[in-house]
Amino acid sequence: MSLRTRLHRSAPTPGATAPTPSSSRRFARWHSDSIARTGVAVLGIVAIGAISVLAVEEHNPTAVHRVNGPQAVTRWNALDGHERDHVPALHSIPAGTPKPAPTAKPSHAATALVPPSSGQAPIRRAATVVRSGLPHVMVIMEENKGYAATLGSCASDPYYCSLASTYATDTSWFGIGHPSAPNYIGIASGGMQGVTSDCTPPACGPFGAPSLGGQLTAAGIPWRAYMESMPSPCYANGSSGLYAEKHNPFLYFNDVRAAANCASVEQPYPGAAGLVSALNGPGAPDFVWITPNLANDMHDGSVQQGDAWLSANLAPVLASPWFTGGNATVIVTMDEGPSANQIPMVVISSNAKAKGPVATPGNHYGTLGSIERAYGLGLLGAAGSGSSGNLVSLFGGPK
């Protein structure tokens, strides 16, 4: 059967009833645009790397099946520009439409939003973007040295400054508070959860609010948080040696700390070679967070020491297939800076889509929102605020 994909423009009117097997013609009109031979309707939210469609046979409207992954991408690529323009970004399948059988492989499409619990900021729906594969995003969080001491001088951090000149740097990015912990909590959840000190669980938290880690797990998106010098996976017994729990944002939240997969997503940093091996091996994470230890994140150590660590550990990543394969982004930033709290923000994209300085105002909430948009997730709390900024235009794209 030939595939002619004509996508309907609008949702059915309220109260519309689902078609029956004997009403194929009315079924076509009910979708407002005729579907010649085979109709393809886009389901729900079209998320990055996971186009999910329903194929409905005209002469057997109950024969509805879901097409995922490569098949869906092939169908999307077959559309002309006019047809793509009419794909609804958000669209619900009408009540009564037979549901497709579930597949074993988790879908990476954004899920329906759940109303936030009492006292929590609303979760906003992210704008959708269609890509052929899940993006790779890495965040490396350094400590306490503001813009002036790093990218503003470049005296002690030649490697970091070379990244800023080769790729993109936002010169108007800021932390959201002082001291460290509120910034880590905020970038993970869209709010500081009332924290104004460097307290750690159980003095503050773990919180029941949703976090980025919980979102990624719920969406079936592989991810990992690497903490240098953390004694063991999902270590929940406070700080130890050069490992500072206050610099581990995800363990402040029950949807990671108490989750069944905590030990697989919260892991000690394996070193540069171990990291590259994990990125290029089976089950590689699509999202990665890295917190260097207190000696290497510029907190206790110098800017020069932190820059040397960054060069030794990031350069192999940028040469790896995980990054060079396209659609990859590495963010290197700080938790906070002095006085006005201006922080360096370097966005490294696999196709160098953006270069040089930009001056779009934003903060950690904007960083969170940019990551959520990249994966088609809901926007947590202040991540959905227009004043938080948006870095997505600087992210890498497909080759």
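Numbering (the UniProt record's numbering), first residue to last: 1 to 399.
Each residue gets a CB set at the ideal place from its N, CA and C atoms; glycine is no exception.
When C-beta atoms of the region 164 to 172 are compared with those of the region 343 to 350, three or more pairs fall below 8 angstroms, so the two segments count as touching. The Cβ atoms of G366 and L394 lie no closer than 8 angstroms to each other. Of all C-beta pairs linking the region 256 to 263 to the region 300 to 313, fewer than three are shorter than 8 angstroms, placing the two stretches out of contact.
In the assembly as shown, N280 is an exposed residue. Its beta-carbon has fewer than 16 other beta-carbons within 10 Å.
Beyond the five residues adjoining it in sequence on each side, I187 comes within less than 7 angstroms, by CB distance, of P249, H364, T367 and L368 in the same chain, given in chain order. In chain order, S172 and G389 place their CB closer than 7 angstroms to the CB of P361, counting only its own chain and leaving out the 5 sequence neighbours on each side. Using a Cβ-Cβ distance cut-off of 8 angstroms, the region 328 to 335 and the region 309 to 318 are in contact, since at least three pairs of beta carbons, one from each stretch, lie closer than that value. Taking the Cα positions, T196 is about 33 angstroms away from P135. Look at N280 here: in three-state DSSP terms it is helix. Apart from sequence neighbours up to five positions away, the residues of its chain that approach P179 with a beta-carbon distance below 6 angstroms are D198, ordered along the chain. The C-beta of N296 has 16 or more other C-beta atoms within 10 Å across all chains shown, which makes the residue buried. Uninterrupted beta strand (DSSP E) stretches at least 3 residues long and entirely within the region 265 to 327 occur at 266 to 268 and 287 to 291, given in chain order. Minimum Cα-Cα distance from Y159 among the listed residues N144, L310, Q193 and S370 corresponds to L310. The beta carbon of I343 sits closer than 7 angstroms to the beta carbons of G146, Y147, W173, F174, G175, T333, M334, E336 and G337 from its chain, once the five residues preceding and following it are set aside; these are given in chain order. The C-alpha of A164 lies about 17 angstroms from the C-alpha of V137. K246 is the residue among V139, G152 and K246 whose C-alpha sits nearest the C-alpha of N183.
Counting along the chain, the unbroken alpha helix (DSSP H) around A181 starts and ends at S180 to S189. Looking at the DSSP output, T169 sits in a beta bridge with V346 and P357. In the displayed model, I140 falls within a strand according to three-state DSSP.
Its chain contains P206, A236 and L251 as the residues whose beta carbon lies nearer than 7 angstroms to that of R257, once the 5 sequence neighbours on both sides are disregarded; these appear in chain order. In this structure, G213 keeps its C-beta atom at 8 angstroms or more from the C-beta atom of V288. The shortest C-alpha to C-alpha distance from A273 to any of A312, N254 and L151 is the one to A312. The C-beta of A209 has 16 or more other C-beta atoms within 10 Å across all chains shown, which makes the residue buried.
Exclusion of the five residues before and after H299 leaves E143 and N144 as the residues of its chain whose Cβ lies within less than 7 angstroms of its Cβ.
In the DSSP assignment, Y375 falls within the unbroken alpha helix (DSSP H) covering H364 to Y375. DSSP, read as helix, strand or coil, puts T217 in helix.
In the displayed model, Y252 falls within a helix according to three-state DSSP.
In this structure, the beta-carbon distance from S229 to Y243 falls below 8 angstroms.
Separation of the CB atoms of P201 and A284 is rounded to 29 angstroms, and the pair is thereby denied contact status at 8 angstroms. Judged by DSSP in its simplified three-state form, A225 adopts strand. Closest in alpha carbon position to S211, among L151, I371 and L275, is I371.
Sequence-distant partners of N254 (beyond 5 residues in either direction) whose C-beta falls short of 6 angstroms from its own C-beta, in its chain, are P206 and G208.
Looking from the CA of W322, the closest CA among G177, G194, M345 and A278 belongs to A278.
In the three-state DSSP reduction, V195 falls in the coil class, being neither helix nor strand.
R224 and Q267 have their alpha carbons spaced roughly 7 angstroms apart.
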